[in-house]
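Please read the structure below before turning to the comments.
Residue numbers (this note's numbering), protein chains in the order written: chain A, 103 to 592; chain B, 84 to 422.
Here it is, written out as structure tokens:
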């Protein structure tokens, strides 16, 4: 089956961010002084565990970013036509989840629908009972076998995940140990600051002792990794024949919806920085360094923008964007590209409204920096303004930018849900935590109650935002020079 | 010296001059906001686009668009009316009648023909009935919680408190509302799920939104106050106070809390005027007829004149908050000069 790769606007921006991130990491890797704060982050067990969870989310999001369109069966030699449906590699991987839709609500791991219906049995009599699901537990001959089957499959999957997790953890531990050349030791909490881990001496008990030391210093990460692997294993094993988190009103699998929501949340949280970062950086250091009328103008602009309550400004801008999109249907070839452009615009709008805080911080810091002796020296030597900004100011405000970016991420993910609820978020056809909550908010009032869609959306959001918050805290602690590390502040 | 009436009069004079100067600074900002909303609502999309969108893209005739524009007064030129004479060249335009008029709080009419200014006046009360108690109770709760964590800093209690804060701030605000309504109203039947009533009878409608509002930002706010207190308590004067033999509680209340007032005021005073605007989420979930639900309804009905009015009102109140913040500095900190 042939297919055509599709790069939506948001995909392109994600690739751009990815490239920037990788080149940034490459740059930092070769400079010891830049690497040092990251070492401090790596020492924190919480940070590493949250990073593991975050990378899982990012992996799903990235797979969901590789889009393509499948070619429709050709009609006698005409030019190949592609399906209007835009799929992603992630969709392909979880095809059963996507295609096996039921009629309507069904509870997590259920084998029957959530409400009774009239069904006719083999003798043609009509009775009211819970009808069996089309896919969920369809392999079972009888409903009563479900509990045993769920336990057995869950156990099998968890064990499989466990084995894989232990194997991967073991191999990476060994590999990382091999790489320790004394030049580059992992500084565990046990050996903080002083004692460097000696390089691995080959073989024998000494090697094992090193392995034990490595595991001791990383046990939180290793255990978290193995637990996550077991969870994924159990879920995957169950998801092949059940709806692990139930189905929603139109019978779509809630697990699938939750996983698809991840990409939307991540894009809102990351692509927005593409707007805030250049604006805040350029304007902030220009205002702080150049002073005078430039400073006045930039201060005026950000005071005006920040004086409008952000929800209202976002609402106004999104309403206007809706008008533009609705009056120009000819811009979009698929529904997905339309929803996608709306997402990109939303990021743009969020960025336009949220750069002011960072800009103010950077201006203040630059005001302080420009009075420093090394800047005065550079000025005296006749270094150009641009040169001073690029060589001295920007590197010295980088920590503020980094802290602000990681701290903003979780706020943006949470904001998406609220904005979508208010009606100024992502396109209603785009799967996101906000649209899931919006669709499910009246379900708590149903009899019998339908709780799983809400629970899934809130649960996934909590996992993502909590991991992001914990990681952000570790990054802030590691990079903030003002922090008094001896005080033991969390 | 402070009893001297001459001195008091001088202070008052300085204060008034200071206030006037601050208000004069605020005017250009409001003009900026006004121009921005004008550009957003009338230049990005022309009134024709809005008419087409609201009347439905498919079946729309030029006459229908003209009628729609005429009903709302959008059938004039944007900035300069060359057909009119004299001052009419400027005043008989969309900018003058729809945007500049907001400076005298003339917000025009909503799509269902009601005066927006009157709606705002009526709806401020219910908004305030929720927002003010939430603000006051919240302030007390957050500051006490933060003081408690500061008192027990670097102990297991502090760590647990911070962990709780991080957990609470990682939960979506929607969850608190949906979960709270479900547990308190639906399971326990303690208070009605939604609704509003003036006077004493309204109490039962107000309790739940206020409690949820307070809980909703316990995490981020307490943590923020804790950071402020910790920063203060690391300073030299606190060490001196401890060295004098003052009890830790005494140090906390009469030194740390007092000196943390400046950063606290910076964050707190500015939101007081914005309390009038209410909260979008709380009001729409609890059916409170305040400004928040007014805004949400307007967004859903795409009533642009209401949204425009709320944007202007919001920034007006924010700027009032900024001025109040500056005034409050001069009250709590004698070092801040009035010049």
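We put the beta carbon where it would ideally sit given N, CA and C, even for glycine.
Return the CA-CA distance between residue i and residue j, expressed in angstroms with no decimal places.
| i | j | result |
| --- | --- | --- |
| residue 270 of chain A | residue 405 of chain A | 52 Å |
| residue 125 of chain B | residue 458 of chain A | 24 Å |
| residue 292 of chain B | residue 278 of chain B | 11 Å |
| residue 183 of chain B | residue 193 of chain B | 17 Å |
| residue 114 of chain A | residue 313 of chain A | 42 Å |
| residue 325 of chain A | residue 318 of chain A | 11 Å |
| residue 420 of chain A | residue 154 of chain B | 24 Å |
| residue 299 of chain B | residue 193 of chain A | 35 Å |
| residue 143 of chain A | residue 507 of chain A | 16 Å |
| residue 169 of chain B | residue 103 of chain B | 33 Å |
| residue 407 of chain A | residue 414 of chain A | 11 Å |
| residue 239 of chain B | residue 231 of chain B | 12 Å |
| residue 301 of chain A | residue 279 of chain A | Interpretation of residue 301 of chain A is limited by its pLDDT of 46, a score under 50 that renders its predicted location unreliable; no figure is taken from the coordinates. |
| residue 411 of chain B | residue 352 of chain B | 8 Å |
| residue 532 of chain A | residue 441 of chain A | 6 Å |
| residue 117 of chain A | residue 575 of chain A | 26 Å |
| residue 277 of chain A | residue 127 of chain A | 20 Å |
| residue 372 of chain B | residue 245 of chain A | 49 Å |
| residue 362 of chain A | residue 355 of chain A | 11 Å |
| residue 310 of chain B | residue 425 of chain A | 44 Å |
| residue 329 of chain B | residue 390 of chain B | 55 Å |
| residue 510 of chain A | residue 323 of chain B | 38 Å |
Suppose contacts are defined by Cβ-Cβ distances below 8 Å. Is residue i in contact with residue j by that definition?
| i | j | result |
| --- | --- | --- |
| residue 268 of chain A | residue 335 of chain A | no |
| residue 356 of chain B | residue 400 of chain B | yes |
| residue 429 of chain A | residue 514 of chain A | no |
| residue 388 of chain B | residue 114 of chain B | no |
| residue 368 of chain B | residue 343 of chain B | no |
| residue 369 of chain A | residue 112 of chain A | yes |
| residue 225 of chain B | residue 301 of chain B | yes |
| residue 167 of chain A | residue 185 of chain A | no |
| residue 572 of chain A | residue 152 of chain A | yes |
| residue 539 of chain A | residue 519 of chain A | yes |
| residue 460 of chain A | residue 378 of chain A | yes |
| residue 333 of chain A | residue 347 of chain A | no |
| residue 226 of chain A | residue 340 of chain A | no |
| residue 567 of chain A | residue 253 of chain B | yes |
Could you work out which residues of chain B lie near residue i, taking near to mean beta carbons separated by less than 7 Å?
| i | result |
| --- | --- |
| residue 543 of chain A | 261 |
| residue 563 of chain A | 255 |
| residue 320 of chain A | Near residue 320 of chain A there are no residues of chain B at all, since even the closest Cβ is about 21 Å away, more than 7 Å. |
| residue 409 of chain A | 112, 116, 398, 401 and 402 |
| residue 560 of chain A | 255 and 258 |
Would you mind sorting residue i into buried or exposed? The rule is 16 or more other CB atoms within 10 Å of its CB.
| i | result |
| --- | --- |
| residue 405 of chain B | buried |
| residue 130 of chain B | buried |
| residue 165 of chain B | exposed |
| residue 295 of chain A | A caution first: residue 295 of chain A carries a pLDDT of 44, below 50, which makes its placement in the model unreliable, though a value can still be read off. Label assigned to residue 295 of chain A: exposed. |
| residue 529 of chain A | buried |
| residue 112 of chain B | buried |
| residue 418 of chain B | exposed |
| residue 383 of chain B | exposed |
| residue 257 of chain B | buried |
Just to confirm my understanding: we take residue i, look at its own chain, exclude 5 residues before and 5 after, and list those with CB closer than 6 Å. What are they?
| i | result |
| --- | --- |
| residue 417 of chain A | 526 |
| residue 237 of chain A | 202 |
| residue 230 of chain A | 218 and 220 |
| residue 308 of chain B | 225, 226 and 229 |
| residue 211 of chain A | 252 and 344 |
Within the present structure, is the beta-carbon of residue i separated from the nearest heavy atom of the ligand ADP by less than 7 Å?
| i | result |
| --- | --- |
| residue 200 of chain A | Here there are no bound small molecules, and the ligand ADP is not part of this structure. |
For a contact meaning CB atoms closer than 9 Å, what does residue i contact in chain B?
| i | result |
| --- | --- |
| residue 520 of chain A | 255, 256, 257, 363 and 364 |
Check the Cβ of residue i against every Cβ in chain B and list those closer than 8 Å, keeping chain order.
| i | result |
| --- | --- |
| residue 404 of chain A | None at all; the shortest Cβ gap to chain B is about 10 Å. |
| residue 193 of chain A | Correct list: empty, because the minimum Cβ distance to chain B is about 26 Å. |
| residue 422 of chain A | 123, 124, 127 and 128 |
| residue 583 of chain A | In chain order: nothing, as chain B lies at least about 14 Å away. |
Which same chain residues end up closer than 7 Å to residue i when comparing Cβ atoms and leaving out the 5 residues on each side of it in sequence?
| i | result |
| --- | --- |
| residue 241 of chain A | 343 |
| residue 211 of chain B | 358 and 359 |
| residue 331 of chain A | 263, 264, 266 and 267 |
| residue 401 of chain A | 389 |
List, in chain order, every chain A residue whose beta-carbon is nearer than 8 Å to that of residue i.
| i | result |
| --- | --- |
| residue 43 of chain B | Within the shown structure, residues of chain B are numbered from 84 to 422, placing residue 43 of chain B beyond reach of any answer. |
Under 7 Å Cβ-Cβ, which residues of chain A neighbour residue i?
| i | result |
| --- | --- |
| residue 385 of chain B | 421 |
Excluding the 5 residues flanking residue i on each side, which residues of the same chain have their C-beta closer than 8 Å to its C-beta?
| i | result |
| --- | --- |
| residue 148 of chain B | 131, 134, 135 and 138 |
| residue 468 of chain A | 386, 387, 389, 390, 391, 495 and 499 |
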